[in-house]
Every structure is written in structure tokens, then in C-alpha cells.
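Student: Take the sequence shown: its position 196, counting from 1, is numbered 205 in our numbering, and each next residue is one higher. Every residue gets a Cβ at the ideal spot worked out from N, C-alpha and C, and that includes glycine. Only a predicted model underlies this, so the values are computations on that prediction, with no experimental measurement involved.
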Amino acid sequence: MTAETIFEYFPNLSINQKEQFERLEELYKDWNQKINVVSRKDIDELYLRHVLHSLGIAKFITFNEGSKILDVGTGGGFPGIPLAILFPEAHFTLVDSIGKKIKVVDEVVEGLQLANVKTINARVEEIPGQFDFIVSRAVAAMPTFVHWVKGKIKKESTHSIRNGILYLKGGDLLEELKDYKTAEVYKLTDYFKEDFFETKKMVYLPLKFKG
Ligand SMILES: C[S@@+](CC[C@H](N)C(=O)[O-])C[C@H]1O[C@@H](n2cnc3c(N)ncnc32)[C@H](O)[C@@H]1O
């Protein structure tokens with residue numbers, strides 16, 4: 010898959026956004042050679058496994074101008090970087106506890122001149138601030154994750170849905186979500202036709218969840 014597929018799924022991109030998506034491959038390849046943060050296979054299929062997967066969140070919600078989004082355990086910048094390209098008017102904070110991962114993210118942010126991204130090298134439990142939405146992929150089981158972030162979600166919403174967590178997850182979520190009656194699960198195959206998404210889901214957990 011190339012950046013062209015991203016443009017087909019998201020047809021209203023500006024020239025600048027298209028260029029940013031196109032540059033991602035080169036930037037990640039360069040930086041991954043110096044500091045290995047993304048597996049070889051994942052780098053070869055960057056647009057499918059990382060970029061399009063991250064953008065599953067954007068098929069569910071459009072982030073407003075000025076809204077504040079926290080990406081917890083961003084690793085090499087996913088889902089935060091693709092979402093920050095797509096929503097240049099929203100503010101993204103990308104946090105990870107591993108310094109070398111944040112170093113790669115910083116280089117990609119600089120390479121793309123992404124003005125709406127701030128990075129923090131810390132455990133999420135330690136950072137201050139409140140956000141409209143918390144996004145994440147593949148970081149911790151839901152109860153642990155909720156425990157980390159529940160004080161970090163703003164009560165007042167500027168979106169048409171309640172503020173909360175948007176979490177990209179795979180596998181059987183029944184057990185993990187059994188205590189979260191308000192959780193909504195979306196299949197990414199409803200948005201994207203590639204086989205890769207067959208096991209991929211997104212969980213929306215609105216504020217005022219139990220946990
Ligand atoms: C499996 S990786 C996923 C990275 C990225 N979200 C992705 O999907 O490509 C999990 C990441 O979460 C980070 N992490 C785990 N616990 C964390 C915490 N409490 N605060 C911040 N980052 C954390 C790890 O350092 C690691 O980079």
C-alpha cells in the first residue's frame with residue numbers, strides 16, 4: 010500500500026497534507042535505521058499497518074478546531090502522527106515512557122513541520138492536563154488504561170459526542186470490556202476493505218464510565 014490509498018479513503022486532503030503523508034515513509038525508514046522503534050515488517054507496510062490503522066479513529070470522529078487530544082503510549086507516533094496530519098487545527102500531545110521512541114517522533118514531527126504536535130517523555134500517570142479525547146493503540150488492558158487516564162478527560166464537550174477514550178484494539182473484547190457498559194465497539198472492516206482489518210476494532214468509551 011502507498012500513500013495513494015490513504016488519499017482514496019480521505020479524499021479531501023490539502024496538498025500539504027498529501028505531502029506530509031507521502032513523506033512519512035521516507036522519514037520513518039531513515040529514523041528506524043538509526044533507532045529501531047518499528048519492526049521491519051511494519052515499516053515495509055507502514056501505510057497499511059500504521060497510517061491507515063491509526064486513521065480508523067478519523068472514520069468515527071472529526072476532531073474540532075482547538076480540541077486537545079492525548080495519545081497515550083504513542084511508540085513511534087501511532088495513532089497520533091497520522092491523526093495530527095489529518096486534523097491540523099486540533100492539538101495533539103503524544104506521550105511515551107521510552108525516550109528513544111519519543112526521539113523518533115520528535116524527528117518525524119520536525120521533518121513534517123507539524124505545528125500541532127507536542128511530545129512528552131514520561132509515564133502518562135505523571136503528566137498533568139485535561140483533554141477532549143484520549144487516543145491509543147496497543148498499550149494496556151482497558152481497566153489499567155482507564156485507571157491511568159480517567160482524571161485527564163475534560164467534562165465539557167465541544168463535539169457532538171461525549172469526550173472519552175478512543176482505543177484501537179484487536180481480539181475478543183468481551184472479557185476486557187465487561188465492566189464498561191457504555192463502551193461501544195466498531196469494526197474497522199466497516200471503514201476499510203483490506204484483510205488486515207478483519208480482527209481490528211475501535212472502542213469508544215465515553216466519559217462517566219465506571220472504573
Ligand atoms: C506496543 S507499544 C504501542 C505503540 C503505539 N501506540 C503503536 O500502536 O504503534 C506500547 C507503548 O506504550 C508505552 N507505554 C506503556 N505504558 C506506558 C505508560 N504508562 N505511559 C506512557 N507510555 C507507556 C510503551 O513505552 C510503548 O512504546
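1) What do you reckon, are the CB atoms on Phe140 and Ile66 nearer than 8 Å?
2) Can you tell me whether Thr167 is helix, strand or coil according to DSSP?
3) Quick one: which unbroken beta strand (DSSP E) runs of 3-plus residues sit fully inside the region 94 to 131? Chain order, please.
4) Once the 5 residues before and after Asp26 are set aside, which same chain residues still bring their CB inside 6 Å of it?
5) Excluding the five sequence neighbours on either side, which residues of its own chain have a C-beta within less than 8 Å of the C-beta of Gly173, listed in chain order?
6) Quick check on DSSP: helix, strand or coil for Pro152?
7) What residue range is occupied by the uninterrupted alpha helix (DSSP H) comprising Ile15?
8) Have a look at the DSSP bridge pairing and note the partners of Glu193.
9) Check each candidate in Arg171, Glu134, Lys178 and name the one with the smallest Cα separation from Thr191.
10) Examine ligand 1 and report whether any of its heavy atoms sits within less than 7 Å of the Cβ of Arg49.
11) Tell me which residue opens and which closes the beta strand (DSSP E) that Lys178 is part of.
12) Looking at the unbroken beta strand (DSSP E) that takes in Arg146, where does it start and where does it end?
13) Would you mind working out which of Phe72, Gln122, Asp53 sits nearest Ala99, comparing C-alpha positions?
14) Express the C-alpha separation of Leu175 and Ala150 in angstroms, rounding to a whole number.
15) By the three-class DSSP mapping on this structure, what secondary structure does Lys187 have?
16) Could you pull the DSSP bridge partners for Val81 from this structure?
17) Where does Gly220 fall in DSSP's three states?
18) Would you tell me roughly how many angstroms separate the C-alpha atoms of Glu74 and Pro97, rounded to the nearest one?
19) Let me know the secondary structure DSSP gives Ile66 once reduced to three states.
20) Taking the alpha-carbon of Glu134 as reference, which of Ser169, Trp157, Asn45, Pro91 has the nearest alpha-carbon?
21) What is the C-beta distance between Glu35 and Leu55, in whole angstroms, given that I count them as a contact (C-beta under 8 Å)?
22) Does the Cβ-Cβ distance between Pro88 and Arg146 come in under 8 Å?
Tutor: Reading from the atomic positions:
1) Result no, Cβ atoms of Phe140 and Ile66 do not sit closer than 8 Å.
2) In the structure shown, Thr167 sits in coil (DSSP, three-state: anything other than H, G, I, E or B).
3) Fully enclosed beta strand (DSSP E) runs of 3 or longer: 100 to 105, 126 to 130.
4) The identity of residue 26 in the sequence shown is Gln, whereas the question assumes Asp. These residues qualify, in order along the chain: Ile94.
5) These residues qualify, in order along the chain: Phe142, Ile143, Ile162, Tyr213, Leu214, Pro215, Leu216, Phe218.
6) Three-state result, Pro152: helix.
7) Start and end: 12 to 18.
8) Under DSSP, the beta-bridge partners assigned to Glu193 are Tyr213.
9) Of the listed residues, the one whose Cα sits closest to Thr191 is Arg171.
10) In terms of side-chain proximity, the C-beta atom of Arg49 is found no nearer than 7 Å to any non-hydrogen atom of ligand 1.
11) Where Lys178 is concerned, the enclosing beta strand (DSSP E) stretches over 173 to 179.
12) Segment 142 to 146, the beta strand (DSSP E) holding Arg146.
13) With distances taken between Cα atoms, Ala99 lies closest to Phe72.
14) Answer to the nearest angstrom: the Cα atoms are 13 Å apart.
15) Coil at Lys187, not helix or strand.
16) DSSP, once it has assigned bridges, lists Val104, Ser145 as partnering Val81.
17) Low per-residue confidence applies at Gly220: pLDDT is 45, beneath 50, and the placement is therefore not dependable, though the value from the model is reported in the following sentence. Coil.
18) Glu74 and Pro97: Cα-Cα distance of roughly 8 Å.
19) In the structure shown, Ile66 sits in a helix (DSSP, three-state: H, G or I).
20) Ranking Ser169, Trp157, Asn45, Pro91 by CA distance to the CA of Glu134 puts Trp157 first.
21) Rounded to the nearest angstrom, the Cβ distance from Glu35 to Leu55 is 10 Å, too far for a contact under 8 Å.
22) Note that the C-beta distance between Pro88 and Arg146 is below 8 Å.
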